[in-house]
Structures are given as C-alpha cells and as structure tokens.
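Quick notes on the structure that follows.
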Amino acid sequence: METKKEQLEEKPLLNFIEAKIEEDLKLGKNNGIVYTRFPPEPNGYLHIGHAKSICLNFGIAKKYHGKTNIRFDDTNPVKEDVEYVDSIKEDVKWLGFDWAGEYYASDYFDQLYLWAEQLIKEGKAYVDDSSQEEISKNRGVPTSPGIESPYRNRSVEENLTLFRKMKAGEFADGQCVLRAKIDMASPNMHMRDPIMYRILHAHHHRTGNKWCIYPMYDYAHGQSDSIEGITHSICTLEFEVHRPLYDWFCEALHIHHPQQIEFARLNINYTVMSKRKLLQLVKENYVSGWDDPRMPTICGLRRRGYTPESIRNFAETIGVAKRENVIDISLLEFCVREDLNKRALRTMAVLDPVKLIIDNYPDNQTEMMDAVNNPEDISAGTRKVPFGKELWIERADFMENPPKNFFRMTIGKEVRLKYAYIVQCTSVDKDEQGNITAIHCQYLPETKSGMAESNRKVKGTIHWVSAAHCKEAEVRLFDRLFAVPDPDNVEEGHTFLENLNPDSLKIQTAYIEPNFLDTKPLTKYQFERIGYFCIDKDSTTDKLVFNRTVALKDSWAKGK
RNA sequence: UGACCAAUGGUGUAAUGGUAGCACUACAGUUUUUGGUACUGUCUGUCUAGGUUCGAAUCCUGGUUGGUCAACCA
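Per this note's numbering, the first sequence starts with residue 1008, numbered consecutively.
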C-alpha cells in the first residue's frame, strides 16, 4: 500500500490533457492560470459519462490551483428547461464539486449580438434568405465543395438592416439566418458558412421573450469560454471538427482565445449513454424515471446506493485518452464494492428463507449475540442480535446431496451460525412435492461465540435471523438493464429496446435483523454474505424497502 | 471515394528514442466466524509493411482497421 503511494508520488502519471497543461504552465501561457468549465445543455439528466467530464474538469482545476465554472449551454429554448438545470446542479454538488461561477450562455446574448454586428460590419457575416433545404443542399457533401449562397455578397448595410429586423421580430421562424462568411469549399463541413443565428419565436427559460433570434452552439460556446476567461476548454471527441470554427470566431473577434481539447467520451457495456435513449426509456416507462436505480444517470446511481467517492474513483481509474473505449461494467462495480466495504455497516438478512429448528435449544429462550458492525472499521462497534430456537436461513445454504466442495449445511456435518453456535444438521421436513419445509439441527452449547470451544475449525459459516424477532423488508434486486454488452448494436429494423434485460428487477421479501437499523433513505448496509444494499426513498416506517447496489463477489456461485 | 482523429493483453490506461508497467477481469493459492475483505502468484499485449537509429510502442512513409463530420441540435 505504502509503496504504491510512494511510487505515485515519485512519478505522477499525467493524462494527455494534464501533460498539455503542464507544458502551457512551463511556457507561461495564461499567466499560469488554469480555468475550466463544465458546460451541460439543460435538456436532460446527467449520467455517468458526464461524471467523467465533471471529474476531469473540476479535478484538473483543483490539481493546478485553478477554478471551474458551471455554464449551462442554453442556446436552444425549445429543448431546454429549468427542471434540468436544477437536477444538474444537484448532481454536480452531490458528486462533491463546487463551481467558481454559475453562468448561462444566455447571460451573453447581448454581447454575442454585438459581436455579430461587428462581424457583419467587417464583411465576415451575412444574412441568408435561403430556405433550410437550399442551405442544406448547397452545403454540398464532405467529398465535394458546396455552392455559395446567392445572398452571400450583400452589402454591409443591407446585412445590418436585415439582421436588426431579424432581432426585432420582423421575420417568421426560418425565414432567414445569419451566417459566417468563411469557405464553401472547405473540406471541413463546419467551415462552409456556418449558421450563427436562427429565428426562433420561443420562450426562453431565463431570457423570457426578450429574444426571437438565438445563437447556434458554434457561435456561442467559444465566446462564452472567452468571456469567462476559460483557459482550457475540454470537450468530447465529436467536437474535434468544430475546433477550426471555435478558433475562427475567437480570431475574427480578436478576443481571449481558450484552447479546446477533446477527449473520448465514456462508454460502458450493458448500458446506453445517449441522452435521447435515456429519455426514451423514461418517457416510454421502461424504467420508473430518471432516477430508476438501473439507469446510468447520476441520480439513478445515487438511488442505487453508489457513493460520490466510488464514482470519482471510477472516473480516475478509467483514465482519459482520445481513443474510443468501452469500459467493463465490472470496473464500476469494483469501485463501489471497494468503497462500501470500508464504510457499510453489516447486518444479517435472509432473502430466500427456509426454517431452521434447533431441536435441543430451550423453547421460548432468547439470547442476545454480539455482532461486529464492520470488521473493516472497529470504531463502528458491535450490536446485539436476538437468537432463538427457530431461525431463518438461506435455502441455498443447505444441500441434501452436496458436492465435495460444499462448505455449508448438510445432514451430519457441522456448520457455524455466525456470531452464535456451531450446529449439526440432523434431518429435514418435506411436503408432498418433496420441497424442504424445515431443517432440524442440534446446537453445541459450549461453542457459543466467545467461548473456548467456538475456536474449533468449521468449514462453513452461515448467516441467520431469529424467526421470532426479525423484520420483513422488500428488497429490490437489480441486474444490468440490458442483456447484451452492446445494446446499440442492432440489425436494420430493430431497436436497442429489444436488448432490454427482462430480469433487470426482481422484488423479494426478506427477513432482516431487527436491531440498529437506520431507515433514512440512502443509508448503506452490507447484508452479510449477500451484497450491498441501501434504503430506498419508497421506504416507510411500516414497510422497509432496500435496493441492492451490487452483490458481493461470489466465488462459490461462479464455480458451480 | 474528402477532411480530421485514433490504434499497446479480454477491458481500460502508462511508458514522451533506452528493461512494455498498473488497474479491472479470468484462473490458482494463503488468511478468514462473510466462499466477502486482505495478501501472493499465473495467463494474456505494442494493427501491418517498410524506413531513420547503436537502439522504435514512441519518429517518418505507405497500407489496414475503427471513430467523427453533410440539424436553422449541443
């Protein structure tokens, strides 16, 4: 452990973005300042892919003693909503990050408009009356040049008049647009006179009805970065072809020019990451909502029982690079187990119960057994667990005709009831169909935990709850949402929905220890030998509801 | 038949001209009152063909493969 840490400190491993930043720092760029931003569009909930970006942007700023803004890219009023800005802020905070400034692209609409007039005056932008179809057609295709618009060479005065009329609301939606005059023959489609402003008579969640023209992403994003003094504008790979345009606007306007750096977005197998598809899962009720614990959204993971630390550690572990990647879901699961192992209090719960009767144990006797709350953290203390003649144990912890490597309960062999006694199984009761209805055993009184005889070597230890004292709880057992590693990979005429896992949710009634339960939603437990669970928000005083975050590793189940 | 980007074990990610390392996964073992945790070990890798060099995963050229770009979306 110590040596690992030392190695990391001696030789810090930089991702390619950090390497670039250190180079800039060495060169004295930006006066030694590092300023990043996280720029979501408020049109959906944040998912684990955004978490990667958030951890990257905030992490880098922290590492180089800089700052990070949150900026909502709200240039398209038809798609955006305050519901989303609220959830986004909540999720970023929950992940553990504080932004230096909270801004909106719409804060800059006035400045953007002024800059547009400036570009018109310099002959670098023009109003185009072409229809959407014409513009699209004349743009050409990547392999052959486009055709210049017939309106491309209007006079500055005419363009200015027209643009002001656009702003004044004298035109209908779609009647004309403002375009940058760049190069219709560029091999980069984004440089073929990109649209700067379109007419949208729509109500904006922040600017209300002040505007009926709205800037496009390419015209707004770089300048917003510039206004905020961002030094490194980190975005995903698909914006790589936009970079020449990002640079063009900053140069044409002679404003502070942040450096755009692109990295590969996160993909995880057995799930989907596109906002559109996540929205569809919610809208068409394939899941219960954005925070359904099976969703890869931040709020879904939170409800599932993931901790901010585990997600941050995941983001750190997957690294940052430019190549397309698909992360194995087992890495995410590893990260949450690693974290929960250290902090989750243990309790015993039986999910698939069968009655165990200790025939030689006194009727109506109850003993309080000492149990350790967290073996990884002695300061978590101990608790008392009631024990009696009749217990519930897991059906899978008994086998009548076991294979050689079965360590649990079987007739004639000894097994330890955790924190209690060693018992020896004697017989089973069965119904007419041959199903086991109860298991009988004898306990060895001198093997109670803590007594000398309890140190005896026993191959297996199983968990239990007292039938007379236990509580009932609903447990929701989640599995991966999709049945195949790459749900998006579907044949013509099929959709990703067909790859949904029909068994992604199983609901069971469990019997659980009565003591020490904190029933506040999101409280995390390890059900011993089963997995990590947390209290769901649906939980009430009458009815406990647990979500399974992730099962414990089970090398026994694997070997079968 | 364009431009841009990328290619390192099963999955990710380092090595910045000098011994291909780390994590996850898988498998094997030690410890264990959780078949968990912890610890130890094993398997598996530089897309390809040339070139530069004493030396190439790294630099150059060609090829191959994958990704992105033709919304008045971001």
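Ideal Cβ placement from N, Cα and C applies to all residues, glycine included.
The C-beta distance from Tyr1224 to Leu1207 rounds to 14 angstroms, too long to meet the 8 angstroms contact threshold. Here the alpha carbons of Val1289 and Ser1094 stand approximately 15 angstroms from one another. DSSP places Trp1399 within a strand segment (E or B) once states are collapsed to three. Excluding residues up to 5 positions away in sequence, Leu1126, Lys1131 lie with their Cβ nearer than 7 angstroms to the Cβ of Ala1259 in the same chain.
Around the CB of Arg1463, fewer than 16 other CB atoms lie within 10 Å, so the residue is classed as exposed. For the 8 angstroms CB-CB criterion, Phe1394 and Ser1473 form a contact.
Out of Ile1237, Gly1215, Ser1143, the CA that lies nearest to the CA of Met1196 is found in Ser1143. The residue among Ile1542, Ser1231, Asp1190 with its C-alpha nearest the C-alpha of Glu1109 is Ser1231. Of the candidates Val1465, Ile1202, Glu1535, the residue whose Cα lies closest to the Cα of Asp1561 is Glu1535. Distance from the CA atom of Pro1265 to the CA atom of Trp1255, rounded to whole angstroms, is 12 angstroms. Cα atoms of Phe1405 and Tyr1532: separation of roughly 25 angstroms, rounded to the nearest angstrom.
Where Lys1070 is concerned, the enclosing alpha helix (DSSP H) starts and stops at 1055–1070.
Between Gly1457 and the set Lys1282, Lys1036, Met1375, Met1191, the nearest pair of CA atoms involves Met1375.
DSSP places Ala1112 within a helical segment (H, G or I) once states are collapsed to three. Counting along the chain, Pro1222 sits inside the beta strand (DSSP E) bounded by residues 1220–1222. When secondary structure is reduced to three states using DSSP, Asn1166 falls in the helix class. Rounded to whole angstroms, the gap between the alpha carbons of Gly1147 and Ile1336 is 41 angstroms. With distances taken between CA atoms, Ile1418 lies nearest to Asp1436 out of Tyr1428, Asp1436, Tyr1426. Listed as beta-bridge partners of Gly1215 by DSSP are His1211. Residue environment: Thr1324 is assigned as exposed (fewer than 16 neighbouring CB atoms within 10 Å of its CB, all protein chains considered).
Within 10 angstroms of the beta-carbon of Ala1564 lie fewer than 16 other beta-carbons, which makes it exposed. Residue environment for Asp1438: exposed (fewer than 16 other C-beta atoms within 10 angstroms of its C-beta). Note: Ser1151 is bridge-paired with Val1148 in the DSSP secondary-structure output. Val1379 is a Cβ neighbour of Arg1353, given a cutoff of 8 angstroms.
With a contact defined as Cβ atoms closer than 8 angstroms, Leu1063 and Ile1241 qualify at about 6 angstroms.
With respect to Gly1153, Arg1199 sits close: the two C-beta atoms are nearer than 8 angstroms. Counting only the Cα atoms, Ile1443 lies some 13 angstroms from Met1416. Within the model, the alpha-carbon separation for Lys1513 versus Leu1488 is close to 12 angstroms. The shortest C-alpha to C-alpha distance from Lys1100 to any of Val1089, Val1085, Arg1309 is the one to Arg1309.
Judged by their CB atoms, Ala1227 and Ala1112 are nearer to each other than the 8 angstroms cut-off.
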